[in-house]
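Q:
Protein chains: 2
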Amino acid sequence: MTELELSIKSYFGVIDPEEVSSIASLFQPELLKKGDYFLKTNKNCDRLSFVQSGFLRIFLETEDKDVTQWISTKGYFVTDLSGFIFDQPARWTIQALTDVEIYTIRKSEYEKMKTTIPRWSELEKLFIVHCFTTLEDRIFSHLSMTAEERYHFFFENNKELFNQVPLQYIASMLGMRPETFSRIRKKQLS
Amino acid sequence: MTELELSIKSYFGVIDPEEVSSIASLFQPELLKKGDYFLKTNKNCDRLSFVQSGFLRIFLETEDKDVTQWISTKGYFVTDLSGFIFDQPARWTIQALTDVEIYTIRKSEYEKMKTTIPRWSELEKLFIVHCFTTLEDRIFSHLSMTAEERYHFFFENNKELFNQVPLQYIASMLGMRPETFSRIRKKQLS
DNA sequence: GTAAATTCTTGATTTTTATCAAGAGCAACT
DNA sequence: AGTTGCTCTTGATAAAAATCAAGAATTTAC
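Here the protein sequences line up with chains Z and P, keeping their order.
Numbered by my numbering, the letters in the first sequence go through residues 9 to 198 in order.
Numbered by my numbering, the letters in the second sequence go through residues 9 to 198 in order.
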């Protein structure tokens with residue numbers, strides 16, 4: 009099984025191998041160079057991609073600062089979900105932080121899965137609810153944890169990220185300033 | 009059209025009246041007394057309900073404090089989404105803050121919609137993506153706003169809530185302590 | 001209607017986090 | 001290799017928010 013197939017399997021729960029390869033076959037490989045934009049705010053988002061390698065930053069520029077909403081890593085899917093599903097202008101800008109390999113499915117192909125894969129609607133729902141639950145957890149972390157607690161929690165689960173992308177983006181994603189991030193990090197290292 | 013039907017219509021987007029009443033007919037009225045639990049953490053959540061009147065608090069008790077995740081009001085649906093969809097133990101406790109009228113559909117009836125309403129899977133997906141987008145906005149508010157900004161933003165969009173439920177719960181839901189909430193409120197009133 | 005319980009406010013203080021400013025460390029470019 | 005940008009760190013200070021404690025206001029229960 010390819011990594012794409014393994015991820016489809018793990019994202020969508022128990023699912024038979026025929027279905028997995030049938031879904032995987034609809035994704036096409038693409039390469040992004042560091043700095044390339046996968047998507048820009050207000051543009052149309054007609055693709056859903058699986059990250060095979062590299063890092064992508066999902067963010068929004070406000071008057072006074074950039075806000076990093078998330079960093080997508082190997083094994084995750086990346087898209088502007090509401091834009092992709094509702095054909096609305098994208099909420100987020102998505103940019104490659106490193107060279108990136110992705111597997112992409114276009115909206116038109118995506119629509120076909122409904123008919124070619126009988127269980128697709130059900131799998132798709134489970135996928136989206138899973139994403140929903142992840143966001144619920146993130147909100148909870150902002151309601152119940154300090155910056156330092158969020159740092160530690162995130163660090164424990166994403167160690168590999170800390171020496172591969174600019175730390176300022178991780179800081180933003182955790183809801184703190186880079187200086188605060190740096191000070192927490194210093195404490196932790198000693 | 010009943011309020012339930014209107015809400016189904018607005019939640020699920022454009023949809024024909026036959027479909028609306030067909031969906032609405034599967035919901036049964038229920039009454040909750042103030043203080044009643046709609047759901048408790050780790051229990052099975054087999055219902056999705058539409059709030060006709062009253063307020064429900066969705067929260068979690070941690071060692072040191074209660075964390076209010078959301079307050080459901082008239083016109084909203086309420087459930088523990090991951091518990092309901094995945095048949096997993098509920099993540100949240102949900103309690104009536106006032107007497108509450110709801111319309112409820114049980115999981116078993118809910119499952120039937122897939123077959124009786126052709127477009128159901130599509131509508132359901134749109135519904136869940138809509139919920140997802142709402143949570144994205146909330147995360148963004150924690151990454152980019154101060155407590156005071158979150159207060160004002162929420163106040164502008166939910167004025168009615170401020171004189172109908174204990175303010176400490178709104179404070180928690182916005183990620184601040186009741187004292188901070190009270191001080192911001194004082195500033196605003198003057 | 002009154003007592004009890006809960007919720008809200010306020011002040012004083014501490015802790016946490018942001019801001020500002022400067023310099024050090026690193027990486028990228030030619 | 002040297003210069004130019006970024007990025008990260010550090011210190012000093014300011015602002016924001018939490019904590020603690022007490023009392024006022026409101027709601028609930030009998």
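Heads up, the beta-carbon is just placed ideally off N, CA and C, and yes, glycines get one too.
Are the C-beta of Lys51/P and some C-beta of chain Z separated by less than 8 angstroms?
A: By 1-based counting over the second sequence, the position of residue 51/P is 43. Taking 8 angstroms as the threshold, the shortest C-beta distance from Lys51/P to chain Z does not fall below it.
Q: In whole angstroms, what separates the C-alpha of Ser33/Z from that of Gly83/P?
A: As a first step, residue 33/Z is located in the first sequence; it is residue number 25 there, counting from the start. As a first step, residue 83/P is located in the second sequence; it is residue number 75 there, counting from the start. Cα to Cα, Ser33/Z sits roughly 42 angstroms from Gly83/P.
Q: Taking contact to mean 3 or more Cβ pairs, one atom from each stretch, closer than 8 angstroms, check whether the stretch 108 to 123 of chain Z and the stretch 108 to 115 of chain P are in contact.
A: no
Q: What number of angstroms, rounded off, separates the C-alpha of Asp95/Z from the C-alpha of Thr87/Z?
A: Along the first sequence, one-based indexing puts residue 95/Z at 87. Along the first sequence, one-based indexing puts residue 87/Z at 79. The straight-line gap from Cα to Cα measures roughly 12 angstroms.
Q: Does His160/P come within less than 8 angstroms of chain Z when only Cβ atoms are used?
A: Taking the second sequence and counting its residues from 1, the one referred to as residue 160/P is at position 152. It does not; no Cβ of chain Z falls within 8 angstroms.
Q: Using only the alpha-carbon positions, how far apart do Glu132/P and Glu119/P sit?
A: If you number the second sequence from 1, residue 132/P lands on position 124. If you number the second sequence from 1, residue 119/P lands on position 111. Distance between the alpha carbons of Glu132/P and Glu119/P: 11 angstroms.
Q: Tell me where the alpha helix (DSSP H) around Leu105/P begins and ends.
A: Within the second sequence, numbered from 1, the residue matching residue 105/P stands at position 97. Premise fails: Leu105/P is in no alpha helix (DSSP H) and is neither H nor E.
Q: For a contact meaning CB atoms closer than 7 angstroms, what does Leu143/P contact in chain Z?
A: Here the question's residue 143/P lines up with position 135 in the second sequence. Listed by position along chain Z, the residues whose Cβ is nearer than 7 angstroms to that of Leu143/P are Phe140, Leu143, Glu144, Ile147.
Q: If you drop the 5 nearest sequence neighbours on each side, which residues of the same chain put their C-beta closer than 7 angstroms to that of Trp78/Z?
A: Along the first sequence, read from residue 1 onward, the residue named residue 78/Z stands at position 70. Closer than 7 angstroms at the Cβ level, and outside the excluded window around Trp78/Z, lie Ile66, Met181.
Q: Should the stretch 188 to 195 of chain P be called in touch with the stretch 161 to 178 of chain P, which here means at least 3 C-beta pairs below 8 angstroms?
A: yes
Q: Starting from Tyr84/P, trace the beta strand (DSSP E) both ways and give me its first and last residue.
A: Here residue 84/P corresponds to residue number 76 of the second sequence, with the count starting at 1. Note, Tyr84/P: premise wrong, no beta strand (DSSP E); not H, not E.
Q: Val75/P bridges to which residues according to DSSP?
A: Taking the first residue of the second sequence as 1, we reach residue 75/P at position 67. Answer is Leu68/P.
Q: Going by other Cβ atoms of all chains shown within 10 Å of its Cβ, with 16 needed for buried, is Leu39/P buried or exposed?
A: Indexing the second sequence from 1 puts residue 39/P at position 31. Label assigned to Leu39/P: exposed.
Q: Just curious, the beta strand (DSSP E) that Arg55/P is in, first and last residue?
A: Indexing the second sequence from 1 puts residue 55/P at position 47. Per DSSP, Arg55/P belongs to the beta strand (DSSP E) from 55 to 61.
Q: Could you give the C-beta distance for Val59/Z and Ser90/Z, rounded to a whole number, given that I count them as a contact under 8 angstroms?
A: As a working note, residue 59/Z is residue 51 in the first sequence. As a working note, residue 90/Z is residue 82 in the first sequence. With 8 angstroms as the limit, Val59/Z and Ser90/Z do not qualify as a contact, their Cβ atoms being about 20 angstroms apart.
Q: Note down, in chain order, every chain Z residue with its Cβ under 9 angstroms from the Cβ of Leu89/P.
A: Residue numbering aside, residue 89/P sits at position 81 when the second sequence is read from its first letter. The contacting residues are Val137, Phe140, Thr141, Glu144.
Q: DSSP beta-bridge partners for Thr112/P?
A: Locating residue 112/P in the second sequence gives position 104, where the first residue counts as 1. Thr112/P is bridged to Gln36/P, Ser57/P.
Q: Can you list the residues of chain Z that Ser180/P reaches, using a CB-CB cut of under 8 angstroms?
A: Looking up residue 180/P in the second sequence gives position 172. Leu151, listed in chain order.
Q: Is the stretch 69 to 77 of chain Z close to the stretch 147 to 155 of chain Z, with three or more CB pairs under 8 angstroms?
A: no
Q: Compute the Euclidean distance between the alpha carbons of Ile23/P and Lys17/P, then round it to the nearest angstrom.
A: Numbered from 1 along the second sequence, position 15 holds the residue referred to as residue 23/P. Numbered from 1 along the second sequence, position 9 holds the residue referred to as residue 17/P. Ile23/P and Lys17/P: Cα-Cα distance of roughly 6 angstroms.
Q: Using the Cα positions of Phe63/P and Lys42/P, report the straight-line distance between them to the nearest angstrom.
A: By 1-based counting over the second sequence, the position of residue 63/P is 55. By 1-based counting over the second sequence, the position of residue 42/P is 34. If I take the Cα positions, the gap works out to 9 angstroms.
Q: Measure the Cβ-Cβ separation of Ala98/P and Cys139/P and say whether it is below 8 angstroms.
A: Stepping through the second sequence from its first residue, residue 98/P is reached at position 90. Stepping through the second sequence from its first residue, residue 139/P is reached at position 131. In this structure, Cys139/P does not lie closer than 8 angstroms to Ala98/P by Cβ.
Q: Does Thr70/P have its Cβ less than 8 angstroms from a Cβ in chain Z?
A: Here residue 70/P is taken as the residue at index 62 of the second sequence, counted from 1. At least one chain Z Cβ lies under 8 angstroms of Thr70/P.
Q: Which partner residues of Leu47/P appear in the DSSP bridge assignment?
A: Here residue 47/P refers to the residue found at position 39 when the second sequence is read from its first residue. In the DSSP assignment, Leu47/P is bridged to Ile102/P.
Q: Would you check if the distance between the CB atom of Glu11/Z and the CB atom of Ser29/Z is smaller than 8 angstroms?
A: Taking the first residue of the first sequence as position 1, residue 11/Z is located at position 3. Taking the first residue of the first sequence as position 1, residue 29/Z is located at position 21. Not a contact, by the Cβ cut-off of 8 angstroms.
Q: Do Leu56/Z and Phe85/Z have their C-beta atoms closer together than 8 angstroms?
A: As a working mapping, residue 56/Z is identified with position 48 in the first sequence. As a working mapping, residue 85/Z is identified with position 77 in the first sequence. Cβ atoms of Leu56/Z and Phe85/Z: closer than 8 angstroms.
Q: Taking the continuous alpha helix (DSSP H) assigned at Thr141/P, which residues delimit it?
A: As a position in the second sequence, residue 141/P is number 133, starting the count at 1. Counting along the chain, the alpha helix (DSSP H) containing Thr141/P begins and ends at 128 to 152.
Q: Against chain P, does Gln77/Z count as a neighbour if the rule is that its beta carbon must be under 8 angstroms from one of theirs?
A: To locate residue 77/Z, count along the first sequence from 1; it is residue 69. Yes, contact with chain P.
Q: Met101/Z: buried (16+ other C-beta within 10 angstroms of its C-beta) or exposed?
A: Within the first sequence, numbered from 1, the residue matching residue 101/Z stands at position 93. Contrary to the premise, residue 101/Z reads as Thr rather than Met in this sequence. Buried is the call here.
Q: Would you mind sorting Arg185/Z into buried or exposed? The rule is 16 or more other CB atoms within 10 Å of its CB.
A: Locating residue 185/Z in the first sequence gives position 177, counting from the first residue. Exposed.
Q: Which whole-angstrom value is the C-beta distance of Phe20/Z and Leu105/Z, which I expect to be below 8 angstroms?
A: Translated into the one-based positions of the first sequence, residue 20/Z becomes position 12. Translated into the one-based positions of the first sequence, residue 105/Z becomes position 97. Distance from Phe20/Z to Leu105/Z at the Cβ level is roughly 27 angstroms; contact not present, criterion being Cβ atoms closer than 8 angstroms.
Q: When DSSP labels each residue in this structure, what does Asn171/P get in the three-state scheme?
A: Taking the second sequence and counting its residues from 1, one reaches residue 171/P at position 163. It is helical.
Q: Mind pulling the chain P residues with CB within less than 8 angstroms of Lys133/Z?
A: Here residue 133/Z corresponds to residue number 125 of the first sequence, with the count starting at 1. In chain order: Ile93, Ser129, Glu132, Lys133, Ile136.
Q: Over the uninterrupted alpha helix (DSSP H) stretch that includes Arg158/P, give me the two end residues.
A: Against the second sequence, residue 158/P aligns to sequence position 150. Per DSSP, Arg158/P belongs to the alpha helix (DSSP H) from 155 to 165.
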